[in-house]
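Here the sequence shown stands for residues 3 to 248, where the numbers follow our numbering.
Heads up: the structure comes next, in structure tokens.
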Amino acid sequence: MIKTVLIIGANSDIAYECVLAMAKYFSPQNFLLASKNFETLKQTAQDLQLRTHIPCQSLALNVEDLNACQSFYQNLPLKPDCVIYTAGYLGDEIKAENDVSEALKILNINYTGAMILLESAAADMAAKKQGIIVGVSSVAGLRGRKKIYHYGAAKAAFATFLSGLRNRLCSQGVHVMTVLPGFVDTKMTKHLTLPKALTASPQKVAESIVQGIKKSRDVIYAKPVWRHVMLIIRHIPEKIFKRLDL
Ligand SMILES: NC(=O)c1ccc[n+]([C@@H]2O[C@H](COP(=O)([O-])OP(=O)(O)OC[C@H]3O[C@@H](n4cnc5c(N)ncnc54)[C@H](OP(=O)(O)O)[C@@H]3O)[C@@H](O)[C@H]2O)c1
């Protein structure tokens with residue numbers, strides 16, 4: 003039974019749909035919603051509380067602030083039995099190549115902040131011998147591409163971290179699930195033209211997450227076609243891959 007769900011990066015479009023889907027399938031008693039933009043978050047939490055009839059508490063958290071990440075979990079009003087990390091930052095690839103602060107921002111939002119927060123959750127859940135940790139990584143982490151390799155490297159680190167955490171916690175009753183969504187139609191990608199057949203809605207991603215939790219899946223893709231796409235992309239020899247304009 004899931005009583006308390008903590009969502010980090012709760013202003014995300016995927017997070018919003020996750021709250022609705024988690025409410026529908028698991029009827030938890032509380033949602034703890036953490037994100038950077040606190041004004042937006044308070045409105046989102048109010049809206050979600052009205053829609054789900056489940057208390058939604060807003061918590062200010064900038065995951066770039068690594069000290070705040072270290073103390074955040076200890077200071078929670080309630081300890082969650084399910085944590086979903088959805089915070090993410092695509093960043094500006096060209097800027098990241100020339101400006102280390104942009105490169106570090108991409109790394110810290112997509113990986114370092116997640117690693118610190120989820121280690122705290124892992125310790126708590128391992129002690130209780132139960133819990134669910136869901137991390138939203140990306141197919142961009144499965145192979146480096148010139149257009150997006152800082153984001154991809156951070157997502158690769160996150161996926162590898164989740165894999166190790168799963169390996170460590172599986173004998174302690176804690177389920178760790180990695181989400182590789184492929185393209186999703188959200189505010190993060192609104193400036194891009196995405197291929198329809200490869201693009202999922204945030205609702206579809208949330209539905210896959212809920213089903214993945216129910217079936218205790220380890221790694222999920224929101225659209226199954228991405229499993230095949232990435233199998234092909236990962237097997238292209240480096241000699242050829244380095245010349246492609248992907
Ligand atoms: N959209 C896609 O095509 C796609 C594909 C693969 C993976 N993903 C991943 O899916 C996850 C959700 O993204 P989305 O598509 O739903 O995009 P989104 O709506 O832009 O959500 C990203 C959220 O991350 C939060 N965030 C950014 N910096 C933060 C910080 N320093 N501290 C706390 N929160 C911060 C933002 O919250 P604030 O508004 O509070 O700043 C924002 O709402 C991300 O991890 C993303 O990388 C997305």
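Backbone N, C-alpha and C define an ideal beta-carbon position, used for all residues, glycine too.
Just so we're clear, the structure is a prediction, and the values are computed from it rather than from any experiment.
Counterpart residues of residue i in DSSP-defined beta bridges
i      : result
Ser60  : Leu35
Tyr223 : Leu182
The alpha helix (DSSP H) enclosing residue i, as first and last residue numbers
i      : result
Thr46  : 40 to 54
Ile278 : The chain is shown from 3 up to 248; residue 278 falls before or after that span and cannot be answered.
Lys244 : Counting along the chain, Lys244 falls outside any alpha helix (DSSP H), and DSSP gives it neither H nor E.
Glu99  : 95 to 100
Asp15  : 15 to 28
Gln76  : Element bounds for Gln76: n/a, residue is neither H nor E.
Environment of residue i [buried if 16+ CB atoms lie within 10 Å]
i      : result
Cys58  : buried
Ser173 : exposed
Glu279 : Since the displayed the chain opens at 3 and closes at 248, residue 279 lies outside it and no answer follows.
Pro82  : buried
Cys3   : Looking at the sequence provided, one finds Met at residue 3 rather than Cys. Answer is exposed; the Cβ neighbour count stays below 16.
Asn169 : exposed
Leu200 : exposed
Val227 : exposed
Pro79  : exposed
Ala129 : exposed
Ile96  : exposed
Asn39  : exposed
Gly93  : buried
Leu52  : exposed
Lys217 : exposed
Asp247 : exposed
Thr195 : exposed
Leu8   : buried
Lys225 : buried
Rounded Cβ spacing between residue i and residue j (contact assumed at less than 8 Å)
i      : j      : result
Tyr18  : Thr46  : 7 Å
Gly90  : Met190 : 7 Å
Leu171 : Val181 : That belief does not hold up - the Cβ atoms of Leu171 and Val181 are roughly 17 Å apart, past 8 Å.
Tyr113 : Phe160 : 5 Å
Tyr223 : Gly184 : 6 Å
Ile156 : Ile108 : The sequence as given places Ala at residue 156; Ile does not occur at that position. Contact flag correct, Cβ pair sits at about 5 Å.
Endpoints, beta strand (DSSP E) assigned at residue i
i     : result
Ile9  : 6 to 10
Tyr87 : 84 to 87
- Task: Report the residue ranges of all beta strand (DSSP E) runs contained in full by the region 128 to 211; include only those spanning at least 3 residues, in chain order.
- Result: 133 to 138, 176 to 182
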